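Novice:
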Amino acid sequence: NVELGLSATAKISLNDAAVRTLAGKPSGAISSSNFYGKTAPINYNITTNSNNINIYTAVGSPSTATTVNVTISAGVITSSTSVSNPAIDLGGPWPSGTVINLVNNGTIVGKGGAGGDGGQYGQYYPSPATNGGNGGTGGNAIKLTYPITITNANGYIYGGGGGGGGGSW
243 NVELGLSATA KISLNDAAVR TLAGKPSGAI SSSNFYGKTA PINYNITTNS NNINIYTAVG
303 SPSTATTVNV TISAGVITSS TSVSNPAIDL GGPWPSGTVI NLVNNGTIVG KGGAGGDGGQ
363 YGQYYPSPAT NGGNGGTGGN AIKLTYPITI TNANGYIYGG GGGGGGGSW
């Protein structure tokens, strides 16, 4: 019961769909050995705009192999506050055998790079005139640290764009 997210005293049947899925037995007899080492999938839903999500930490840092289903709701933006941090970081260390599924119905976007410094005109600043600086590199949308299946049929994933270069005199 607890593994399925139910109260410890809830009444269930070995024939319930959730029980059969956990046991890995879609039909036929189920024995207690079918449950050894099994864990129910972890479902993590992102329903509000969020920044810098570490999936491993968000789902409780699992210590045994499990299936993790992450869903980003339609209209939700998951972004980054820094080019050095992705909008979504899988984190880890994930236990061997873990399965991670990401269904993106929203938008995942990395932080855009900073604009370059503008050039300086020699008459008002120390000569000679200088050219503008390069813009900064944009950040990543997702940092993959473990194999993952991404379904993005109804969503968008954007890396942060590079910052524009500074103008010159």
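The sequence shown runs 243 to 411 under this note's numbering.
The beta-carbon is built from N, C-alpha and C at its ideal position, and this holds for glycine as well.
The structure displayed is predicted, hence computed values, not measured ones.
#1: Taking LYS385 as the reference, which of ILE272, ASP258 and GLY402 has the closest Cα?
#2: Mind listing, in chain order, the continuous beta strand (DSSP E) runs of no fewer than 3 residues lying wholly within the stretch 260–299?
#3: With THR320 as the anchor, note down where its beta strand (DSSP E) starts and where it stops.
#4: Starting from ILE254, follow the beta strand (DSSP E) in both directions and report where the run begins and ends.
#5: Kindly confirm or deny that the stretch 286–301 and the stretch 245–262 touch, where touching means at least three C-beta pairs closer than 8 Å.
#6: What does the Cβ neighbour count give for THR340, buried or exposed, with the cut at 16 atoms within 10 Å?
#7: Kindly indicate which three-state DSSP category VAL244 falls into: helix, strand or coil?
#8: Measuring alpha carbon to alpha carbon, tell me which residue in GLY361, THR320 and GLY409 is nearest TYR398.
#9: Tell me which residues share the same chain as ALA356 and place their Cβ nearer than 6 Å to its Cβ, disregarding the 5 neighbours each side in the sequence.
#10: Report the three-state DSSP secondary structure of LEU332 (helix, strand or coil).
#11: How long is the line joining the alpha carbons of THR313 and SER273, rounded to whole angstroms?
#12: Using 8 Å as the threshold, is the C-beta distance between VAL310 and GLY381 below it?
#13: Can you tell which of ASN343, THR289, VAL301 and ALA252 has the C-alpha that lies nearest to the C-alpha of GLY334?
#14: Could you round the C-beta distance between ASP359 and GLY374 to whole angstroms and report it? I think they count as a contact, below 8 Å.
#15: Where do the N-terminal and C-terminal ends of the beta strand (DSSP E) with ILE390 fall, by residue?
#16: When we look at the beta-carbon of ILE350 and count the other beta-carbons within 10 Å, is it buried (16 or more) or exposed?
#17: Where THR323 and LYS353 are concerned, what is the direct C-alpha to C-alpha distance, given to the nearest angstrom?
Specialist: Let me spell this out:
#1: Reading the sequence shown from its first residue, position 143 is the one you call residue 385. Here the closest residue by C-alpha is GLY402.
#2: 284–288
#3: As a first step, residue 320 is located in the sequence shown; it is residue number 78 there, counting from the start. Residues 319–321.
#4: Here the question's residue 254 lines up with position 12 in the sequence shown. Element bounds for ILE254: n/a, residue is neither H nor E.
#5: no
#6: Here residue 340 is taken as the residue at index 98 of the sequence shown, counted from 1. Its Cβ being crowded by 16 or more others within 10 Å, THR340 is buried.
#7: Counting from one through the sequence shown, the residue named residue 244 turns up at place 2. Looking at VAL244 - three-state DSSP - the assignment turns out to be helix.
#8: Within the sequence shown, the letter at position 156 stands for residue 398. Nearest of GLY361, THR320 and GLY409 to TYR398, Cα basis: THR320.
#9: If you number the sequence shown from 1, residue 356 lands on position 114. Excluding positions up to five away in sequence, the list reads GLY378 and GLY405.
#10: Along the sequence shown, read from residue 1 onward, the residue named residue 332 stands at position 90. Correct three-state label for LEU332: coil.
#11: Working through the sequence shown from its first residue, we reach residue 313 at position 71. Working through the sequence shown from its first residue, we reach residue 273 at position 31. Near 32 Å, if we compare the C-alpha coordinates of SER273 and THR313.
#12: Reading the sequence shown from its first residue, position 68 is the one you call residue 310. Reading the sequence shown from its first residue, position 139 is the one you call residue 381. Their beta carbons are not under 8 Å apart, which means VAL310 does not touch GLY381 by this criterion.
#13: Along the sequence shown, one-based indexing puts residue 334 at 92. It is VAL301.
#14: Taking the sequence shown and counting its residues from 1, the one referred to as residue 359 is at position 117. Taking the sequence shown and counting its residues from 1, the one referred to as residue 374 is at position 132. Indeed, because the Cβ distance is near 6 Å, the residues count as touching under 8 Å.
#15: Against the sequence shown, residue 390 aligns to sequence position 148. Per DSSP, ILE390 belongs to no beta strand (DSSP E) and is neither H nor E.
#16: Taking the sequence shown and counting its residues from 1, the one referred to as residue 350 is at position 108. Burial call: buried.
#17: As a position in the sequence shown, residue 323 is number 81, starting the count at 1. As a position in the sequence shown, residue 353 is number 111, starting the count at 1. Each residue's alpha carbon lies about 6 Å from the other.
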